[in-house]
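Each residue of the sequence shown is one higher than the one before, counting from 2 in my numbering. Backbone N, C-alpha and C fix where the C-beta goes; we use that ideal spot for every residue, glycine too. Just so you know, these numbers come straight off a predicted model, no measurement behind them.
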Amino acid sequence: MNYSNEDISFSEKKHNRRYNRTYEFELYPVRKAAVANGGNVYYLPVTQFPIPTSEKRVIKPFLERLMALHEDLEEKKLHHYLGVVDSALEFEVLEKVGEKILDWKPEMALALLPDLPSPHLPSREEVMALQDPSKVREMMPMIACINDMPAVADAYESLFGCGGLALFVSAHEKKQFYDKNRQVFGHKIKIPCFQSLNCLPFFRVDPLLKATEKQYLALYSVLSLYIGESVLDEGLVIISNRCLDKIISDLAHLLRANAPR
């Protein structure tokens with residue numbers, strides 16, 4: 002992907018209402034979503050998933066520096082958790098997870114997608130009515146969670162760009178982190194046998210555009226930073242409890258100057 006200023010007007014045409022144009026040149030190629038007060042949502046497009054190696058070499062250093070600078074602002078110990086949505090657990094990704102299963106120790110949880118109905122076990126009739134069998138996953142989406150810090154770093158390095166990763170950065174240790182997720186996001190779960198399961202959100206841009214200031218405050222009570230890969234949005238979704246405009250504008254040259262041409 003050629004991140005040049007010349008193509009900004011073209012790339013923004015279909016996204017005019019989704020993104021805040023106030024700092025578009027300073028943040029470019031990152032875009033800031035036009036969300037409710039208190040919401041800090043950013044989007045970085047990619048050419049495709051899996052992300053090509055040449056793009057990963059550009060994007061990863063940017064994200065690593067972004068996370069480090071965000072952590073400096075927090076001035077407290079933060080914990081990292083990694084989720085891999087089940088739709089990405091195929092072929093090479095599944096093989097990598099299988100090879101590292103004893104090191105990474107993934108645990109399964111419900112994946113909560115704000116724009117989809119609450120998870121439920123599909124009936125035979127629902128399954129038979131589906132034209133696309135893969136849609137079953139949307140009825141009961143699952144996410145593999147990796148919780149130990151060294152394992153998170155290793156898994157993120159290995160799986161980054163697969164199209165199904167979500168990195169969660171939180172001030173909460175493991176038990177409190179999952180308890181808070183269940184409290185804030187688990188209200189969608191209506192089936193009693195599912196209510197005791199851990200759950201994690203998986204965000205796309207459109208639902209975040211509709212979220213209220215109160216919902217963002219609830220989200221920030223769980224997460225300090227979220228970096229997720231969204232195949233539907235064709236890019237990375239970044240949510241922060243702090244405004245990252247200055248940090249991103251200072252780092253954007255890493256994406257522009259070193260992007261593959």
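Residue environment, residue i, which counts as buried when at least 16 other CB atoms sit within 10 Å
i	result
residue 143	buried
residue 171	buried
residue 40	buried
residue 202	buried
residue 128	exposed
residue 38	exposed
residue 56	buried
residue 99	exposed
residue 63	buried
Boundaries of the beta strand (DSSP E) in which residue i is found, first to last residue
i	result
residue 109	108 to 113
residue 230	226 to 231
residue 42	42 to 46
residue 63	Segment 54 to 75 is the alpha helix (DSSP H) holding residue 63; no beta strand (DSSP E) there.
residue 245	Per DSSP, residue 245 belongs to no beta strand (DSSP E) and is neither H nor E.
Opening and closing residue of the alpha helix (DSSP H) in which residue i lies
i	result
residue 185	175 to 186
residue 219	214 to 221
residue 211	206 to 211
residue 190	No alpha helix (DSSP H) contains residue 190, which DSSP labels as neither H nor E.
residue 237	Here residue 237 belongs to no alpha helix (DSSP H); instead the beta strand (DSSP E) covers 236 to 241.
Same chain, Cβ closer than 7 Å to residue i, five either side skipped, listed in chain order
i	result
residue 175	148
residue 75	225
residue 19	34, 35, 206, 210
residue 79	72, 170, 171, 172, 225
Own chain partners of residue i with C-beta closer than 8 Å, once the 5 adjacent residues on each side are dropped
i	result
residue 141	111, 120, 121, 122, 123
Residues near residue i by beta carbon distance below 6 Å, same chain, minus five either side
i	result
residue 179	199
residue 229	167, 204, 238
residue 42	34, 36, 209, 240
Note to self: With three or more C-beta pairs closer than 8 Å as the rule, is the segment 186 to 198 touching the segment 81 to 94?
What the structure shows: no
Next item on the list: Note down, one range per segment and in chain order, each beta strand (DSSP E) of at least 3 residues found wholly within the segment 84 to 162.
Entry: 108 to 113, 143 to 147
Note to self: Can you confirm whether the segment 154 to 163 touches the segment 93 to 108 when touching is taken to mean that 3 or more C-beta pairs between the two stretches lie within less than 8 Å?
What the structure shows: yes
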